[in-house]
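Here the protein sequences line up with chains H and Z, keeping their order. Per our numbering: the first sequence ends with 330, consecutive numbering throughout. Per our numbering: the second sequence ends with 330, consecutive numbering throughout. Every residue gets a Cβ at the ideal spot worked out from N, C-alpha and C, and that includes glycine. Worksheet for the structure shown next.
2 protein chains.
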Amino acid sequence: MADGLLDVVGIGNAIVDVLSHADDGFLSRHSLAKGVMSLIDARRAASLYAAMGPAIEASGGSAGNTVAGLAGLGSPAAYIGRVRDDQLGGIFRHDIQSLGVEFDNPPATEGPATGRCLIFVTPDAQRTMQTYLGAAIELGPEDVDPALIARAQVTYLEGYLWDPPRAKAAFLKAAEVAHQAGRKVALSLSDPFCVDRHRADFRDLVARHVDILFANEAEIMALYEVPDFDAALQQVRGHCEVVALTRGEKGSVVLAGDEVHVIDAEPVPRVVDTTGAGDLYAAGFLHGYTQGYGLARAGRIASIAASEVIGHLGPRPETPLGELVRQRLA
Amino acid sequence: MADGLLDVVGIGNAIVDVLSHADDGFLSRHSLAKGVMSLIDARRAASLYAAMGPAIEASGGSAGNTVAGLAGLGSPAAYIGRVRDDQLGGIFRHDIQSLGVEFDNPPATEGPATGRCLIFVTPDAQRTMQTYLGAAIELGPEDVDPALIARAQVTYLEGYLWDPPRAKAAFLKAAEVAHQAGRKVALSLSDPFCVDRHRADFRDLVARHVDILFANEAEIMALYEVPDFDAALQQVRGHCEVVALTRGEKGSVVLAGDEVHVIDAEPVPRVVDTTGAGDLYAAGFLHGYTQGYGLARAGRIASIAASEVIGHLGPRPETPLGELVRQRLA
């Protein structure tokens, strides 16, 4: 296994989520931009945590959630990220390795604590994320093992990696190694404000380095600074081999050359918390893609995986995803 | 508030729960006694955690869950327990204080890490608990502030406190202070195996020190070594002012002198995880009791509080309990 072929290696900010219910009044009292991810420093993280209600902790990180989902679907996967040798770092490592995901970066023995994301889930099931990157802020190209990248059919990168200063070098190194090995590079645009922060870089990446692009409506419109989804869709066509655009309850659209697949959202009895929805969509899609199932079926698996994670609190599946997909596709 | 009257002060082992789904095969492969709490050392905790699937972390501890529930119901409450100055200790403190519960014991600066309980939730929603007491093992009478005990209408003690060597002295000190101040002492028997470990002590406690007793069927039968519930019920009558006996889906029975109230279990759409059910029953009951609602209504509130916590993963309420009770009793 340790040297076998992998479906996906994910690179991301290793984060433990701290999830709590909150109302809109809390968000406005603390000036939190609803539905998006904002970066905060250690001081703000401490003061916001002090104001936060009772919480649960769950391993997270966008790419971490995606490789966790892939493992649950039966796809061999690996992860590259940076934690510290503290209790939260131990939790992150345990959770990802217990799914069979390879995660071999040793914990940092000095510097900031393991990163965490304070997530406020409002009654409408939206999540508002405040991230303290912690140890993840020092992720660099030295953390990327070229041999690991070369073993994976797809190297999956979260757009959030553009935030820490040296991670973009790690990102570009991984993309280069992957392409030299004849592999594919996938990118998630992560968050509309993240796109705003790095628009020129992201456009260049999408045009030159990315084979498979994931984005939601707000992110793809932010990328091309256009006011509607169809205009964004026309812009992105042809830039990447495959583009998967998610639209919440309106489902998703998958594009590849002249192929266009419109995929329904999977029904969910009660949407509790949308944390991880995009990450699990990517997991389901990349599972189908690497298994060679065709884009329509990959999109369907993506929708099923996303539907599981929004039915409960937390960013990773609570039930066996592979079984769920088999039932739903039967 | 800091010097006001409290409804309840809870004393317990301060524990962070680590919750994961597992099947019966896992339990038997690792020789875990289903449905009960077993104590494990640091080494066993590490090896079992390594074998455990992906988990979520949530503040727990039996009495901790009870005071959290009380705070959610609007009852002023305090907690006495022992954590270390580590990340899990910070999580425990945050979660209980964020509900408005007073928790003033400073964290230990040396000795074992904050305690944790590995909880395996099987598909039948039963929980099997493996507890590493950690910093809680050194809880002693010096941690009990007599002024705090005297402020509370009820001092609530978890039976699990009989496990760490010096906690029973803390327990007896608290009971004595409470009675001297004209307050009530409540005890939960916690677990049938805990009763087996400390039967003689528990019988003496119940006969001499406890005003309000909580137990489930297995625990009360273990206490008196009788084979059926009715025999146990006859034994316990008259030993305490109030006895609340829980019977899972069969509801509960509340006894006080000649009063007997048979209370239905509250219907639950889907039982996901029974962790915390007994603790939240006690919270609901003690809320009703300290508010002077009468035993039948207190039992009803207890059932409602227990029903919330078994509908999701984790030992503490996810939704506002006070509101839930108002809706259900309306």
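*Taking just the CA atoms, how far does H/E138 sit from Z/S252?*
What you label residue 252 of chain Z is simply residue 252 of the second sequence in a count that begins at 1. What you label residue 138 of chain H is simply residue 138 of the first sequence in a count that begins at 1. Distance between the alpha carbons of Z/S252 and H/E138 is about 55 Å.
*Specify, as a first and last residue, the run of the beta strand (DSSP E) that H/Y132 falls within.*
By 1-based counting over the first sequence, the position of residue 132 of chain H is 132. That run of the beta strand (DSSP E) goes R127 to Y132.
*Close-in-space but distant-in-sequence residues of the same chain around Z/H30 (CB under 8 Å, 5 per side omitted)*: Here residue 30 of chain Z refers to the residue found at position 30 when the second sequence is read from its first residue. Sequence-distant Cβ neighbours of Z/H30 in its own chain, meaning closer than 8 Å and more than five residues away, are L48 and A51.
*Is there at least one Cβ from chain Z nearer than 7 Å to H/P107's Cβ?*
The sequence position of residue 107 of chain H within the first sequence is 107, counting from 1. It does not; no Cβ of chain Z falls within 7 Å.
_Contacting positions in the segment 32-61 of chain H - beta carbon closer than 8 Å to chain Z_ = Result list: Y49, A50, M52, G53, P54, A55, I56, E57, A58 and S59.
*Mind pulling the beta strand (DSSP E) runs of 3 or more residues that sit fully within the segment 98-172 of chain H?*
The segment 98-172 of chain H contains these whole beta strand (DSSP E) runs: 115-121, 127-132 and 152-158.
*Give, in chain order, every residue of the segment 76-89 of chain Z whose Cβ lies closer than 8 Å to some Cβ of chain H.*
Closer than 8 Å at the C-beta level to chain H, one finds these residues of the segment 76-89 of chain Z: D86, Q87 and L88.
_Three Cβ pairs or more, each shorter than 8 Å: is that satisfied between the segment 8-27 of chain H and the segment 120-129 of chain H?_
Output reads yes: the segment 120-129 of chain H touches the segment 8-27 of chain H.
*Under 7 Å between the Cβ atoms of Z/A108 and Z/G134?*
Numbered from its first residue, the second sequence carries residue 108 of chain Z at position 108. Numbered from its first residue, the second sequence carries residue 134 of chain Z at position 134. Not a contact, by the Cβ cut-off of 7 Å.
_Residues of chain H with CB closer than 8 Å to the CB of Z/D95, please, in chain order._
Counted from its first residue, the second sequence places residue 95 of chain Z at position 95. Result: P54 and A55.
*Leaving out the 5 sequence neighbours to the left and right, which residues in its chain are closer than 6 Å to Z/R328 when beta-carbon positions are compared?*
Against the second sequence, residue 328 of chain Z aligns to sequence position 328. In chain order, I304 place their CB closer than 6 Å to the CB of Z/R328, counting only its own chain and leaving out the 5 sequence neighbours on each side.
*According to the Cβ coordinates, are H/E217 and H/F229 closer than 7 Å?*
Start at 1 with the first residue of the first sequence, and residue 217 of chain H comes out as number 217. Start at 1 with the first residue of the first sequence, and residue 229 of chain H comes out as number 229. Taking 7 Å as the Cβ cut-off, H/E217 and H/F229 qualify as a contacting pair.
_Can you tell me whether H/S59 is buried or exposed? The criterion is at least 16 other CB atoms within 10 Å of its CB, across all chains shown._
In the first sequence, counting from the first residue as 1, residue 59 of chain H sits at position 59. Buried: at least 16 other Cβ atoms inside 10 Å.
*In the DSSP assignment, find the beta strand (DSSP E) that holds H/G10 and state where it starts and stops.*
Residue 10 of chain H sits at position 10 when you count from the first residue of the first sequence. Per DSSP, H/G10 belongs to the beta strand (DSSP E) from L6 to I11.
*Would the segment 70-88 of chain H and the segment 6-18 of chain H be scored as touching if the rule is three or more Cβ pairs under 8 Å?*
Yes, the segment 70-88 of chain H touches the segment 6-18 of chain H.
*Residues within the segment 156-168 of chain Z neighbouring chain H, beta-carbon criterion of under 9 Å*: The residues in question: there are none.
_Touching by the beta-carbon criterion (3+ pairs, under 8 Å), the segment 300-319 of chain H and the segment 277-290 of chain H_ = Note that the segment 300-319 of chain H touches the segment 277-290 of chain H; at least 3 beta-carbon pairs, one per stretch, sit closer than 8 Å.
*Rounded to the nearest angstrom, how far is the Cβ of Z/P141 from that of Z/A186, given a contact under 8 Å?*
Position 141 of the second sequence, counting from 1, holds the residue named residue 141 of chain Z. Position 186 of the second sequence, counting from 1, holds the residue named residue 186 of chain Z. With 8 Å as the limit, Z/P141 and Z/A186 do not qualify as a contact, their Cβ atoms being about 19 Å apart.
_Selected residue, minimal CA-CA separation from Z/C240, among Z/A68, Z/V36 and Z/L205_ = Position 240 of the second sequence, counting from 1, holds the residue named residue 240 of chain Z. Cα-wise, what sits closest to Z/C240 is Z/L205.
*Drop a sphere of 10 angstroms on the beta-carbon of Z/Q153, count the other beta-carbons inside from all chains shown, and report buried for 16 or more, exposed for fewer.*
If you number the second sequence from 1, residue 153 of chain Z lands on position 153. With 16 or more other Cβ atoms inside 10 Å of its own Cβ, Z/Q153 counts as buried.
_Within 7 Å, strictly: CB atoms of H/G311 and H/V272_ = By one-based count along the first sequence, residue 311 of chain H stands at place 311. By one-based count along the first sequence, residue 272 of chain H stands at place 272. Closer than 7 Å, so yes.
*asked:* Taking 6 Å as the limit between beta carbons, can you name the residues of its chain near Z/A146, skipping five residues before and five after?
replied: Start at 1 with the first residue of the second sequence, and residue 146 of chain Z comes out as number 146. A small correction: the amino acid at residue 146 of chain Z is Pro; Ala does not occupy that position in the sequence shown. Closer than 6 Å at Cβ, skipping near neighbours: V177.
_Check for me: the alpha helix (DSSP H) holding Z/M221 runs from which residue to which?_
Taking the second sequence and counting its residues from 1, one reaches residue 221 of chain Z at position 221. E217 to Y224 is the span of the alpha helix (DSSP H), which, as asked, contains Z/M221.
*asked:* Once DSSP output is grouped into helix, strand and coil, what is the label at H/I304?
replied: Within the first sequence, the letter at position 304 stands for residue 304 of chain H. DSSP places H/I304 in the helix class (H, G or I) of the three-state scheme.
*Can you grab the Cα-Cα spacing for the pair Z/I212 / Z/G159, in whole Å?*
On the second sequence, position 212 is the one that residue 212 of chain Z refers to. On the second sequence, position 159 is the one that residue 159 of chain Z refers to. Going from the Cα of Z/I212 to the Cα of Z/G159 covers about 13 Å.
_I'd like to know if Z/L133 contacts chain H, where contact means its C-beta is closer than 7 Å to some C-beta of that chain._
To locate residue 133 of chain Z, count along the second sequence from 1; it is residue 133. Residue contact with chain H for Z/L133: absent (no Cβ-Cβ distance below 7 Å to any residue of chain H).
_Pairs of beta-carbons, one from the segment 59-70 of chain H and one from the segment 84-101 of chain H, closer than 8 Å: are there three or more?_
Counting Cβ pairs under 8 Å, three or more are found: they touch.
*Please compile the residues from chain Z whose C-beta is within a distance smaller than 8 Å of the C-beta of H/G64.*
Stepping through the first sequence from its first residue, residue 64 of chain H is reached at position 64. Identification of chain Z residues near H/G64 by a Cβ-Cβ cut-off of 8 Å yields none; the smallest Cβ-Cβ distance measures about 11 Å.
*Examine chain H for any beta-carbon lying closer than 7 Å to the beta-carbon of Z/G314, and answer yes or no.*
Mapped onto the second sequence, residue 314 of chain Z falls at position 314. Yes - at least one Cβ of chain H is within 7 Å of the one on Z/G314.
*Would you identify the three-state DSSP class for H/H94, choosing helix, strand or coil?*
Within the first sequence, the letter at position 94 stands for residue 94 of chain H. Helix.
*Following the continuous beta strand (DSSP E) through Z/D17, name the residue where it begins and the one where it ends.*
Residue mapping note: residue 17 of chain Z aligns to position 17 of the second sequence, counting from 1. Following the DSSP letters along the chain, one finds Z/D17 inside the beta strand (DSSP E) bounded by residues I15 to H21.
*Once you ignore the five residues that flank Z/G89 on each side, which residues in its own chain have a CB closer than 6 Å to its CB?*
Taking the second sequence and counting its residues from 1, the one referred to as residue 89 of chain Z is at position 89. For Z/G89, where only same-chain residues beyond five positions count, the Cβ hits under 6 Å are V83, P107 and T114.
*Name the two residues that bound the continuous beta strand (DSSP E) containing Z/H261.*
Within the second sequence, the letter at position 261 stands for residue 261 of chain Z. Where Z/H261 is concerned, the enclosing beta strand (DSSP E) stretches over E259 to I263.
*Around the C-beta of Z/A46, are 16 or more other C-beta atoms found within 10 angstroms, so that it is buried, or is it exposed?*
Numbered from its first residue, the second sequence carries residue 46 of chain Z at position 46. Exposed.
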